[in-house]
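2 protein chains.
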Amino acid sequence: MITRRGLMLVLSSPSGAGKTSIARSLLTRDKEINMSVSATTRPRRPGEAEGKDYYFVDEEKFKIDINKGLFLEYARVFDHYYGTPLGLVQKLLSSGCDVLFDIDWQGTQQIKAKARDDLVSIFVLPPSTAELEKRLITRAQDSAEVVAGRMARAADEMSHYPEYDYIIVNHDLDQSIDAVHTILKAERLRRSRQASLTEFMKQLREGCS
Amino acid sequence: MITRRGLMLVLSSPSGAGKTSIARSLLTRDKEINMSVSATTRPRRPGEAEGKDYYFVDEEKFKIDINKGLFLEYARVFDHYYGTPLGLVQKLLSSGCDVLFDIDWQGTQQIKAKARDDLVSIFVLPPSTAELEKRLITRAQDSAEVVAGRMARAADEMSHYPEYDYIIVNHDLDQSIDAVHTILKAERLRRSRQASLTEFMKQLREGCS
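Protein chains in written order, with the working numbering: chain A, 1 to 209; chain B, 1001 to 1209.
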């Protein structure tokens, strides 16, 4: 049996396109992929577990780790840092496990720059502007201005679709989950991910002579 | 709805690894992929239909077409020419149909040189040398020499596995058919094959402002 190297599956989309529901279902369906756990400097909230929801670290340690190049990607959002520790991901990939990321185009670009060969990126699109707007009106009292702001941010995120390997238009949630799962299963069969293939081929070919 | 450009799915393997059975099942399961029909200069045999089994052409016409660059790939096998007419394949791809090829590494290399972006290549391997040998002994009276010759040709074909995108080890026929079908469905979702994506994105983003 050929052992394989894991891959990093990135799902990006404008907020409201259904990415989070797809990610949650994929984790339930497929036991060989794990959600990436980020480190953050923001305080722990009630109910959050260390190492499950986040790794909680202080700002000084986070900045030292940035300088040491220990993050696969990171970002500052308002007053806090969020980032993916490189070591944990590399350990998972080497042991043949896949890692799922629910991140935006900026995080995806950082991962691409560091580990192109292990990255598979999918961009999830809403089926239409009308459908996106419907999903972005989260409460009846949302003002037109608030919704317009969300739509503008969605348009900005969507302008980065050419940077992704695969495109899924989320007409139907179940079909979109199937599509992401299909991409994951196919990408596992890439020659470049078959870790012990050279050894297997050597045995196979030597046996022929 | 986004229209898509078709792709060329190439299956290669040493003889005896199960490629032909996989190809036949895939065509039954998936109606959007068609078998490529080759042109040949060899005489038509009883029961063969023009345009279904082969396009039967004379050698003079075949050679003129080679010089005009009208073949996607071609080869001379003993006294006859075999080749894939480029025009037919291009027509299928443009109309969003996929084309399946059951060819060796040399044909695959020729297609790669002409149309890399539309090509998805899969190499099918036998699970072990013992299993390959079992499948290559086609008749009880096959001599050790005949079998050894087949094994040597298999080893030679297998040396080209690094030129392929995906590797499938054929432990179980049904699982291998599933794997090829999964690769086909995933590759259809590649951004580069979504023919009308630019237009779709333009509408989506304009609608946001």
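The C-beta atom is built at its ideal place from N, Cα and C for all residues, glycine as well. Keep in mind that this is a model prediction, so the values were computed, not measured.
Euclidean distance between Cα positions of residue i and residue j
i, j, result
"A:THR84", "A:SER38", "5 Å"
"B:LEU1007", "B:ASP1174", "23 Å"
"A:THR3", "A:LYS52", "27 Å"
"B:ASP1117", "B:SER1143", "44 Å"
"B:GLY1016", "B:LEU1009", "20 Å"
"A:PRO127", "B:SER1209", "17 Å"
"B:ASP1156", "A:GLY207", "12 Å"
"A:LEU86", "A:LEU70", "5 Å"
"B:ARG1188", "A:ASP178", "13 Å"
"A:ASP30", "B:PRO1162", "29 Å"
"B:LEU1092", "A:PHE200", "37 Å"
"A:PRO216", "B:ASN1170", "The question about residue 216 of chain A has no answer here: the residues shown for chain A are numbered 1 through 209."
"A:GLU50", "B:ALA1152", "57 Å"
"B:ILE1103", "B:CYS1097", "19 Å"
"B:PRO1043", "B:GLU1060", "14 Å"
"A:LEU119", "B:TYR1166", "16 Å"
"B:ARG1150", "A:THR198", "22 Å"
"B:GLU1048", "A:ARG193", "42 Å"
"B:ASP1140", "B:ASP1079", "The residue you asked about is not Asp; residue 1140 of chain B is Ala in the sequence shown. Spanning the two alpha carbons is a distance of roughly 30 Å."
"B:LYS1134", "B:ASP1065", "41 Å"
"A:ASP172", "A:MET1", "37 Å"
"A:THR210", "B:ASP1058", "Here chain A comprises residues numbered 1 to 209, so residue 210 of chain A is not present and cannot be evaluated."
As assigned by DSSP and simplified to three states, the class of residue i
i, result
"A:GLU73", "strand"
"A:ASP210", "Examination of residue 210 of chain A is not possible in this model, given that chain A is present from 1 through 209 alone."
"B:GLY1083", "strand"
"B:PHE1062", "helix"
"B:GLU1048", "coil"
"A:ALA182", "A small fix is needed here, since residue 182 of chain A is Thr in this sequence, not Ala. Correct three-state label for A:THR182: helix."
"A:THR41", "coil"
Host alpha helix (DSSP H) of residue i (start-end)
i, result
"A:MET201", "197-206"
"B:LEU1132", "1129-1136"
"A:LYS233", "Outside the displayed span of chain A (1 to 209) sits residue 233 of chain A, for which this structure offers no information."
"A:LEU27", "19-29"
Residue i - containing beta strand (DSSP E), residue span
i, result
"B:ILE1168", "1166-1169"
"A:LEU11", "8-12"
"B:ILE1122", "1119-1125"
"B:TYR1161", "Where B:TYR1161 is concerned, there is no enclosing beta strand (DSSP E), given that its DSSP letter is neither H nor E."
"A:PHE78", "A:PHE78 -> no beta strand (DSSP E), and no H or E assigned at all."
Residue i and residue j closer than 7 Å at C-beta
i, j, result
"A:ALA195", "A:ARG5", "yes"
"B:TRP1105", "B:HIS1160", "yes"
"B:TYR1074", "A:ARG191", "no"
"A:PHE62", "A:TYR81", "yes"
"A:THR41", "A:TYR54", "no"
"A:THR108", "A:SER121", "yes"
"A:ILE22", "A:SER176", "yes"
"B:VAL1147", "B:LEU1136", "yes"
"B:ILE1183", "B:VAL1124", "no"
"A:LEU204", "B:THR1129", "yes"
"B:VAL1099", "B:VAL1089", "yes"
"B:LEU1026", "B:LYS1019", "no"
"B:LYS1112", "B:LEU1072", "no"
"B:PHE1101", "B:SER1013", "no"
"A:ALA186", "B:ALA1186", "yes"
Which residues DSSP lists as bridging residue i, in chain order
i, result
"B:MET1035", "B:LEU1100"
"B:GLN1194", "B:ARG1004"
Closer than 7 Å to chain E by CB, residue i
i, result
"A:GLN110", "Reference to chain E is not applicable here, since the protein chains of this structure are A and B."
Heavy atom of the ligand MN within 6 Å of residue i beta-carbon
i, result
"A:ARG44", "Of the ligands one can find in the structure shown there are none, so the ligand MN has no counterpart to examine."
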